[in-house]
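Engineer: I'd like to ask some things about the structure below.
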Amino acid sequence: MFENLKPQPADKILALMQAYREDPRDQKIDLGVGVYKNADGITPVMRAVKAAEKRILEEQQSKAYTGLAGDPAYADAMIDLILGTSIPRGNIAAVATPGGTGACRQAFEMIRMANPSARVFVSNPTWPNHLSILNYLGMETVQYRYFDGETRGVDFEGMIADLKTAKAGDVVLLHGCCHNPTGANLNLVQWQEVVNIINELGLVAMIDIAYQGFGDGLEEDAQATRLVASSVKRCLIAASCSKNFGVYRERTGLLMAISDDAAQTALNQSTLAFLNRQNYSFPPDHGARVVTTILTDPTLRADWEAELEEIRLSMLGLRQQLADELQRHSGSDRFGFVAQHRGMFSRLGAAPELVEQLRADHGIYMVGDSRLNIAGLNANTVPILAKAIVDVGV
Ligand code: PMP
């Protein structure tokens, strides 16, 4: 029977990584996969993560199963990090998941269980895996306008017009901060407008927050999520610790379902536990335990926050340097958006032929939609990139 299987499309970003590795040129720059890298091109284990792992190694007495929702202390610590005191704890159902991807997957399954005909509105563009998983689950998706190819900011009018076509029960998927792949984000006034539409039309909000602390700061990056969660009747939040704790391979995420009704929250909690049970039973624990150890220990937490801030500021510095170099080479301000974008990515808005030309002629690898990973740069490669971008005629 296995001969009936059809080849599945390769993940474009992973294929790009492979092509980069196989490129024999010395002078090449990898701006593809969404992993933070320091100036030496290394994705370091954060100091607080190392310290927490040491502590766990010494103190952990058992590897027996946790609960289906994971360790409740992890959910508590993450809820505090993401939502602060904006929502009463009793209104939040939460389960640990294998990464933010696992959280998204469980959220989509919960939506499908609750309302098989719900359509999921996703930004155009969005993280490709959103669409891929939704398609795999047979769920209907609608893309709402998001990126303005001219300004490289948000096409807010287009977004609002498209969201207004949603019907009660449809889901609106939003990136809590640091939009992937564009780097373009809503301001809080615009978020409020989106919230108003969600409430007016009876829509369900879903937030994917995978880069808290990579944009304007830990608290700042959570503001939109808190605003939505505290203003709508029901909402799902998929969170990832992969980036802000640097625990990518440990698969550390959390899915929250918020409602303003205790009986509904209990039903949400049991549904989320059920979904974990069906898919993988107990969620991974190591990364979650590391995160909990850090968040609940004032010294480790302060060190983690300090290192995260260093990472954030280094990316902001690279953005500014790139914007300045682009201005110098092009003699125009048309690349100012690079400094305005937030998070690890910026979408250049370059045609696929130019992206290909950057790879072929300059050894510069970015995703085909012209998303570049700012953290793939360093002070020496920024001028090379800026010159190449202007040379190919972006
Ligand atoms: N959502 C978004 C928007 C992302 O960019 C990512 C990571 N690429 C994820 C979710 C999932 O991250 P992970 O599963 O590695 O935690």
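Plus 66 on top of the position in the sequence shown (first one is 1) and you've got the numbering used here.
For every residue, glycine included, the Cβ atom is placed at its ideal position computed from N, Cα and C.
All values derive from a computational prediction rather than experimental measurement.
#1: So, under 8 angstroms CB-CB, residue 339 and residue 156 are touching, yes? Tell me the CB distance rounded to an integer number of Å.
#2: Pick out whichever of 453, 446, 441 and 452 has its Cα sitting closest to the Cα of residue 98.
#3: Rounded to a whole number of angstroms, what is the C-alpha to C-alpha distance between residue 320 and residue 295?
#4: Nearest CA to the CA of residue 94: which residue from 431, 162, 241 and 379?
#5: Compute the Euclidean distance between the alpha carbons of residue 213 and residue 248, then round it to the nearest angstrom.
#6: Going straight from the alpha carbon of residue 392 to that of residue 309, what length do you get?
#7: When the Cα atoms are used, what is the spatial distance from residue 349 to residue 277?
#8: Inspect the beta-carbon positions of residue 250 and residue 218 and report whether they are closer than 9 angstroms.
#9: Check whether the Cβ atoms of residue 303 and residue 148 sit closer than 9 angstroms, and answer yes or no.
#10: Cβ of residue 168 versus every heavy atom of the ligand PMP: is any distance shorter than 8 angstroms?
#11: Helix or strand or just coil, what does DSSP make of residue 216?
#12: Could you check if residue 317 belongs to the surroundings of the ligand PMP, using beta carbon to heavy atom distance under 8 angstroms?
#13: Rank 412, 409, 411 and 436 by C-alpha distance to the C-alpha of residue 423 and give the top, closest one.
#14: Residues in its own chain within less than 7 angstroms of residue 434 by CB, not counting five upstream and five downstream?
#15: Answer with buried or exposed for residue 255, where buried requires no fewer than 16 other C-beta atoms within 10 angstroms of its C-beta.
#16: Do residue 206 and residue 183 come within 9 angstroms of each other at the CB atom, strictly closer than that value?
#17: Look at the alpha carbon of residue 200 and the alpha carbon of residue 174, and state the distance between them as a whole number of angstroms.
#18: Comparing the CB of residue 444 with every heavy atom of the ligand PMP, is any distance shorter than 8 angstroms?
#19: Decide if the stretch 126-141 is in contact with the stretch 261-281; the criterion is three or more beta carbon pairs, one per stretch, under 8 angstroms apart.
#20: Measuring straight from C-alpha to C-alpha, what distance separates residue 306 and residue 456?
#21: So, are the CB atoms of residue 346 and residue 90 less than 9 angstroms apart?
Structural biologist: So, from the data block:
#1: Wrong, their Cβ atoms sit about 17 angstroms apart, outside the cutoff.
#2: 441
#3: 15 angstroms
#4: 431
#5: Straight across, the Cα-Cα distance linking residue 213 with residue 248 is about 7 angstroms.
#6: 27 angstroms
#7: 21 angstroms
#8: The Cβ atoms of residue 250 and residue 218 lie closer than 9 angstroms to each other.
#9: yes
#10: Indeed, a heavy atom of the ligand PMP lies less than 8 angstroms from the Cβ.
#11: Of the three classes helix, strand and coil, the one that applies to residue 216 here is coil, per DSSP.
#12: yes
#13: 436
#14: 78, 418 and 421
#15: Residue 255 is exposed by the Cβ-count criterion.
#16: yes
#17: 7 angstroms
#18: No, the beta carbon of residue 444 sits no closer than 8 angstroms to any heavy atom of the ligand PMP.
#19: no
#20: 35 angstroms
#21: no
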